[in-house]
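S.K.: Let me give you the structure first, and then I'll get to my questions.
Residue numbers (full-length UniProt numbering), protein chains in the order written: chain A, 1 to 228; chain B, 1 to 88.
So this is what it looks like as C-alpha cells:
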C-alpha cells in the first residue's frame, strides 16, 4: 500500500468508566498520512481514554477501528502501525540513554544518528532518572518517531517542557509529517495549533471538527483569545 | 528474543531476591520457589511498580501476554538448570 493511502479511521467509540455515566459516545475521527490532528478538550473529557482505546490498551464497550483499509479486531498496537506516547514517562528509569536507544533502535545507522543528536550527545551516558523533563520528552518522541509505525498518538507531548524543547519537539513532528500521521492532545493548545492542520474538540463524549481556531472561542478558550 | 529477554531480566532480578529470601535454610527448595511463587510474585510486583514501562513494549508491538509467556519460558529453563545443579 502506498504511504499516502494509509489511514486511521475510528468510529462509534463507546466507553464509560462507571455504568451511569458515558464518557465517550459515538466518537469519530479520521487521520491520513500528512495530517497533524490536534485533539483538544477540557480535563476529563476523555482525550487520553480515546487514545488508549485507539492504541488498544483500553477495552471500550464498542469501537470500529480501521487501519489502512482493514478492520482491527485485536489490540491495534500489535499491528506495529501505531505508536503511543503516554502522559507519564514510559522509559525505564534505571537504564542509561544509550542502553534505551540500543534497545529500541535496532539499526546501527539510526543509532549513530541518535548519538550525534545535539541534545542527546551530552546526556548519552546519563540515566533516564537523571534527565530533565524536556530531555526525557524529546528522547521519548525521537524514539517513537524512529519506529516503523505510520500513525502516532501523542498525549501531552509539550507538558512540563521548556519553550526551547517545545520548538524542537514541534520540528521533529513537522519534519516527519510527510510520511506519518499524528494525533496530538495537549492543554498547551497554542503549541498544538501551531503545527496541526486539523482541529478536533472532544466535548460531551463526541468529537467536533473545528474549521479554524477562532471557533475554539465558542467552546474551549475565552472569547477574544485569538483577536489580533 | 532480545525483547523477551530484556523484559524477563526485570522479573529475574526480583525473583532471585525473593527466592533467596524465601529459601533461606531450604537450599534444595530454591528451584521450586524460583519456578513457582517467586515467579508469580515477581511478575505481580514488576507489573505493579513498572506498569508504565509496558508502553515501551506495546510500542514495539508486544503484548503483555506474549511477554509473560516468554518470561515463563526463560524462568522454567533457569529453574531446570538450578534443579540440575542441585541433583548433581
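Beta carbons are placed, not taken as given, at the ideal position from N, Cα and C, and that holds for glycine.
Predicted model, so just to flag it, every value in this text is computed and none were measured.
#1: Would you grab the beta carbon distance between residue 23 (chain A) and residue 49 (chain A) for me? Rounded to a whole angstrom, and I think it's under 8 Å.
#2: Measuring straight from C-alpha to C-alpha, what distance separates residue 100 (chain A) and residue 184 (chain A)?
#3: Please list, in chain order, the chain A residues whose beta carbon lies closer than 9 Å to that of residue 19 (chain B).
#4: Roughly how many angstroms lie between the CA atoms of residue 91 (chain B) and residue 49 (chain B), to the nearest whole one?
#5: Can you name the residues of chain B whose CB is closer than 8 Å to the CB of residue 84 (chain A)?
#6: Residue 83 (chain A) bridges to which residues according to DSSP?
#7: With burial defined as no fewer than 16 other Cβ atoms inside 10 Å of the residue's Cβ, what is the status of residue 211 (chain A): buried or exposed?
#8: DSSP three-state call for residue 177 (chain A): helix, strand or coil?
#9: Just confirm the distance between the C-beta atoms of residue 52 (chain A) and residue 181 (chain A), as a whole number of angstroms; I'd bet it's less than 8 Å.
#10: Enumerate, from N- to C-terminal direction, the unbroken alpha helix (DSSP H) stretches of 4 or more residues contained entirely within the segment 46-117 of chain A.
#11: Hey, is residue 164 (chain A) close to the ligand COA, as in C-beta under 7 Å from one of its heavy atoms?
#12: Could you compute how far the alpha carbon of residue 40 (chain A) sits from the alpha carbon of residue 94 (chain A)?
#13: Tell me which residues share the same chain as residue 104 (chain A) and place their Cβ nearer than 8 Å to its Cβ, disregarding the 5 neighbours each side in the sequence.
#14: Name the DSSP beta bridge partners of residue 27 (chain A), please?
#15: Hey, does residue 63 (chain B) have any beta-carbon neighbour from chain A nearer than 8 Å?
#16: Determine whether the Cβ of residue 52 (chain B) lies closer than 8 Å to any Cβ atom of chain A.
#17: Counting pairs of Cβ atoms below 8 Å between the segment 60-74 of chain A and the segment 2-22 of chain A, do you hit three or more?
#18: Using only the alpha-carbon positions, how far apart do residue 8 (chain A) and residue 80 (chain A) sit?
#19: With 8 Å set as the bound, which would you pick, yes or no: does the beta-carbon of residue 103 (chain B) sit closer than that to a beta-carbon of chain A?
#20: From what residue to what residue does the beta strand (DSSP E) around residue 3 (chain B) run?
#21: Where does the unbroken beta strand (DSSP E) through residue 203 (chain A) begin, and where does it stop?
#22: Note the first and the last residue of the continuous alpha helix (DSSP H) segment covering residue 46 (chain B).
#23: Between the Cα of residue 42 (chain B) and the Cα atoms of B:19, B:32, B:26, which residue gives the shortest distance?
#24: Considering just the uninterrupted stretch of the beta strand (DSSP E) at residue 37 (chain A), what are its terminal residues?
M.R.: This is what the structure gives:
#1: By 1-based counting over the first chain, the position of residue 23 (chain A) is 23. By 1-based counting over the first chain, the position of residue 49 (chain A) is 49. Confirmed, Cβ separation roughly 6 Å.
#2: Here residue 100 (chain A) is taken as the residue at index 100 of the first chain, counted from 1. Here residue 184 (chain A) is taken as the residue at index 184 of the first chain, counted from 1. Each residue's Cα considered, the two are about 24 Å apart.
#3: Start at 1 with the first residue of the second chain, and residue 19 (chain B) comes out as number 19. Correct list: empty, because the minimum Cβ distance to chain A is about 21 Å.
#4: Absent from the model: residue 91 (chain B). The displayed extent of chain B is 1 to 88, so no value can be given.
#5: Residue 84 (chain A) sits at position 84 when you count from the first residue of the first chain. Residues of chain B passing the Cβ test: 55, 58, 59.
#6: Numbered from its first residue, the first chain carries residue 83 (chain A) at position 83. Looking at the DSSP assignment, residue 83 (chain A) forms a beta bridge with A:152.
#7: By one-based count along the first chain, residue 211 (chain A) stands at place 211. It counts as exposed.
#8: Here residue 177 (chain A) refers to the residue found at position 177 when the first chain is read from its first residue. Shown here, residue 177 (chain A) sits in coil according to DSSP, grouped into three states, outside any helix or strand.
#9: Position 52 of the first chain holds residue 52 (chain A). Position 181 of the first chain holds residue 181 (chain A). Wrong, their Cβ atoms sit about 18 Å apart, outside the cutoff.
#10: For the segment 46-117 of chain A, whole alpha helix (DSSP H) runs of length 4 or above, ordered along the chain, are 47-55, 97-104, 108-116.
#11: The ligand COA is not among the ligands present in this structure, which contains no ligands whatsoever.
#12: Indexing the first chain from 1 puts residue 40 (chain A) at position 40. Indexing the first chain from 1 puts residue 94 (chain A) at position 94. Distance between the alpha carbons of residue 40 (chain A) and residue 94 (chain A) is about 34 Å.
#13: Position 104 of the first chain, counted from the start, is the residue given in the question as residue 104 (chain A). Taken in chain order, the residues that qualify are 143, 146, 147.
#14: What you label residue 27 (chain A) is simply residue 27 of the first chain in a count that begins at 1. Looking at the DSSP assignment, residue 27 (chain A) forms a beta bridge with A:13.
#15: Here residue 63 (chain B) corresponds to residue number 63 of the second chain, with the count starting at 1. Answer yes: the Cβ-Cβ gap between residue 63 (chain B) and chain A drops below 8 Å somewhere.
#16: Numbered from its first residue, the second chain carries residue 52 (chain B) at position 52. Yes, its Cβ sits closer than 8 Å to a Cβ of chain A.
#17: In short, these stretches touch, since the Cβ pair count reaches three.
#18: Here residue 8 (chain A) is taken as the residue at index 8 of the first chain, counted from 1. Here residue 80 (chain A) is taken as the residue at index 80 of the first chain, counted from 1. Looking at the two C-alpha atoms, the distance is approximately 13 Å.
#19: In the structure displayed, chain B extends from 1 to 88; residue 103 (chain B) sits before or after that span and is not available.
#20: Here residue 3 (chain B) corresponds to residue number 3 of the second chain, with the count starting at 1. Annotation for residue 3 (chain B): no beta strand (DSSP E) segment contains it, though the alpha helix (DSSP H) segment containing it runs 2-22.
#21: The sequence position of residue 203 (chain A) within the first chain is 203, counting from 1. From DSSP, the beta strand (DSSP E) with residue 203 (chain A) extends over 198-203.
#22: Looking up residue 46 (chain B) in the second chain gives position 46. 37-49 is the span of the alpha helix (DSSP H), which, as asked, contains residue 46 (chain B).
#23: On the second chain, position 42 is the one that residue 42 (chain B) refers to. Of the candidates B:19, B:32, B:26, the one whose C-alpha sits nearest the C-alpha of residue 42 (chain B) is B:19.
#24: Counting from one through the first chain, the residue named residue 37 (chain A) turns up at place 37. Residue 37 (chain A): member of the beta strand (DSSP E) spanning 36-40, first to last residue.
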